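Novice: Have a look at the structure that comes next, please.
2 protein chains.
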Amino acid sequence: MTRISDMSEDELIALFAPRLPETDATILGSGDDSAVLAVDGDLVVSADMLVEDRHFRRAWSTGADVGWRAAMQNLADIDAMGAVPTALEVCLSAPGDTDVEFVLGLADGLREACEPHGVGVVGGDLSGGSEIVVAVTAIGETHGTEPVTRADAEVGDIIAVAGELGAARAGLALLEAGRRDAPEAIKLFLRPSPRIGAGLEAALHGATAMMDLSDGLARDGARMARASQVRLAVESAAIPIHEAAQFTGQVLGEDALGWAIGGGEDHHMLACFPRQSAVPAGWHVIGRVEDGEPGLVIDGERPGEAGWDHFR
Amino acid sequence: MTRISDMSEDELIALFAPRLPETDATILGSGDDSAVLAVDGDLVVSADMLVEDRHFRRAWSTGADVGWRAAMQNLADIDAMGAVPTALEVCLSAPGDTDVEFVLGLADGLREACEPHGVGVVGGDLSGGSEIVVAVTAIGETHGTEPVTRADAEVGDIIAVAGELGAARAGLALLEAGRRDAPEAIKLFLRPSPRIGAGLEAALHGATAMMDLSDGLARDGARMARASQVRLAVESAAIPIHEAAQFTGQVLGEDALGWAIGGGEDHHMLACFPRQSAVPAGWHVIGRVEDGEPGLVIDGERPGEAGWDHFR
């Protein structure tokens, strides 16, 4: 193993930078004081950080897993506005005894997540530190639609999600139990795989409100409900449960629906549409926006009251 | 003292966010998945991080000092392209026992540095961590000029700096010596104060190459020389030494010129201009671009050979 303290910053960057993804929007790439990008439309910006032993564990995640997740959760935030991601800035601090392979793996994971979407890493910073911290800022642009916030859901709207839920939380449950016998769920916990582009699709279909599910349907749905001052009424039977979560539920003898409602980090889009016919093909209708005290209800009850609270 | 672990993240954000600066470019501010900004011209992006005990010490710097510095070094990177800064994304990780006042002070320092320039903090992330890490991405836009890189200095150009040098390094020397008797230098170390806008001014005057002096004239000048494949020939007698550095030199019995050459973190602009008459008023001409082996020479010698190496 080579530790990063065995090389100079310039040497590390010389290995790291060529592995990073590129974007066609680049006018001037990394290496100067700033990068320069061409932008159409309005600029959409978001930032998230991953801190070792709080957001990931090196015992579970490779560098590439962490890079993938750092990229994907930020791409989902841009997509959740109905915008198109263009570029990332990536800051990394790490202890001197960090394996160089972990750091280079991080670049690989960023590339694997970004390249299919034409997103580039256009700059960032590397620093020493006592723990690994990855701070990513994602930049995107609107493509002819207004940004879709979480605050404009309207009574009568149809609520839908773009993907099947619960796999990431199921994968975490397996890892916490020290088991590896449902590898698909573990993979989806380590490398969440929302369909980037679903958000733009929703915007083009007239979505009134949207966000990505980073903290789970119960919590994020309640946020959307409060921001929009409406009641999100969800039917539990309509919630799409990921096959990997169902399988994990059988393996561990747990309720996969609970993971689909309370589990976070799937990063699929949650959106409201003005009518049934506006919901894009492949999305799952899970309920309807109602008048009433702002909040999310499942089968008429707040998830906390219904016993989902332990997943929070 | 109230520790940040005494409050919820929502409570902390409710205190933190109102202190942050705003920008007129905001279409949608923080609180949704992403912020949305109006941009003209091309997008200019840069990121930098500050890690506790590597880039600052809590014994020396208040939260506001750290916020100021995090903002200012990023604003300087945008300015160094001849662009205009618009917005910051700020990620902060901190231990649970961090004083809330430090965190709120950070927001104040960000505001104090940004507000005069109309720059807003439009989003970011807060996380727990074992040490304080501040990762800032700065976003700006070109204003009718091409981005000025560090790679286009040409033989015959005039080299100039936008401010007087050495004060930040002098302030560090005082703090390291446990002395406080040149407070202006200490202030300029804790709160570097380059003139933001000098970079745009240089671009409008036809600057061929530019960067901000974050690692000092010797190191950054050599970087510009290598990027442009030219020799930067600087006259030591022409280097403007900050009054606070000169005073500190007298106090500590040290050579202020050494700080002006080898000391970093002043963040003043270093730029090359096609002729003497193009140099903006108030800038200090320090030399000329020559043909020859790429590098920076002072009075014909590499700074390392001339004995500045111990400042590196």
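Protein chains in written order, with the numbering used here: chain A, 872 to 1183; chain B, 872 to 1183.
Backbone N, C-alpha and C define an ideal beta-carbon position, used for all residues, glycine too.
This structure is a prediction, so every number in the text was calculated from the model and none was measured.
(1) For a contact meaning CB atoms closer than 9 angstroms, what does Pro1064(A) contact in chain B?
(2) Kindly indicate which three-state DSSP category Ile1057(B) falls into: helix, strand or coil?
(3) Beta-carbon within less than 7 angstroms of Ala885(B)'s beta-carbon, same chain only, minus the 5 sequence neighbours each way: which residues are those?
(4) For a cutoff of 8 angstroms on Cβ pairs, would you count Cys1143(A) as touching chain B?
(5) Using the three-state DSSP reduction, which class does Leu1084(A) fall into: helix, strand or coil?
(6) Mind checking if Glu1114(B) is an interface residue toward chain A, Cβ cutoff 8 angstroms exclusive?
(7) Mind reading off the beta-carbon distance from Leu1128(B) to Leu1167(B)? Whole number of angstroms is fine, and I expect it under 8 angstroms.
(8) Please report the Cβ distance between Asp1083(B) and Asp904(A), rounded to the nearest whole angstrom; I am assuming they are in contact, meaning their Cβ atoms lie under 8 angstroms.
(9) Could you tell me which whole beta strand (DSSP E) segments of length 3 or greater appear in the stretch 1061 to 1121 of chain B?
(10) Just the Cα atoms here: how many angstroms apart are Gly953(A) and Val1160(B)?
(11) Sorted by chain position, which residues of the same chain lie with C-beta nearer than 8 angstroms to Gln1147(A)'s C-beta, five sequence neighbours on each side aside?
(12) Ignoring anything shorter than 3 residues or poking outside the stretch 982 to 1031 of chain A, list the beta strand (DSSP E) runs there in chain order.
(13) Would you say the beta carbon of Ile949(A) comes nearer than 7 angstroms to a heavy atom of the ligand PLP?
(14) Beta-carbon within less than 7 angstroms of Thr1020(A)'s beta-carbon, same chain only, minus the 5 sequence neighbours each way: which residues are those?
(15) Could you check if Glu1164(A) is buried or exposed, using at least 16 other CB atoms within 10 Å of its CB as the buried criterion?
(16) Which residues in chain A sit within 7 angstroms of Gly995(B), going by Cβ to Cβ distance?
(17) Span of the alpha helix (DSSP H) holding Phe887(A)?
(18) Quickly, what does DSSP pair Leu963(B) with across the bridge? List them, please.
(19) Between Leu891(A), Glu960(A), Trp931(A), Gly900(A), which has its C-alpha nearest Leu975(A)'s C-alpha?
(20) Got a sec: is the Cβ-Cβ distance from Ser964(B) to anything in chain A below 8 angstroms?
(21) State the start and end residues of the unbroken alpha helix (DSSP H) segment that holds Leu1045(B).
(22) Report yes if the CB atom of Ala1109(A) is closer than 8 angstroms to the CB atom of Gly1158(A), and no otherwise.
(23) Taking the alpha-carbon of Leu1043(A) as reference, which of Val992(A), Met1140(A), Ala1116(A), Arg1094(A) has the nearest alpha-carbon?
(24) Among the candidates Asp1162(A), Ala1142(A), Leu1123(A), whose CA atom is the shortest distance from the CA of Arg1040(A)?
(25) Closest to Glu1035(B) by C-alpha separation, out of Leu1088(B), Ser998(B), Leu883(B), would be which residue?
(26) Candidates Thr1119(B), Leu908(B), Ile1112(B), Leu1046(B): which alpha carbon is nearest Ala1131(B)'s?
(27) Any contact between the stretch 1049 to 1059 of chain A and the stretch 1092 to 1103 of chain A? By contact I mean 3 or more CB pairs, one from each, below 8 angstroms.
Specialist: So, to answer that:
(1) Here residue 1064(A) turns out to be Ser, not Pro, going by the sequence shown. Within chain B, no residue comes near Ser1064(A); the closest Cβ sits about 18 angstroms away, beyond 9 angstroms.
(2) helix
(3) none
(4) no
(5) coil
(6) no
(7) The pair is not a contact, with the Cβ atoms about 15 angstroms apart (cut-off 8 angstroms).
(8) 6 angstroms
(9) 1080 to 1083, 1102 to 1105
(10) 49 angstroms
(11) Ile1029, Val1156
(12) 991 to 999, 1004 to 1013
(13) Ligands in the displayed structure: none, and consequently the ligand PLP is not present.
(14) Ala1080
(15) exposed
(16) Ala918
(17) 880 to 887
(18) Leu997(B), Val1005(B)
(19) Leu891(A)
(20) yes
(21) 1038 to 1047
(22) yes
(23) Ala1116(A)
(24) Leu1123(A)
(25) Leu1088(B)
(26) Ile1112(B)
(27) no
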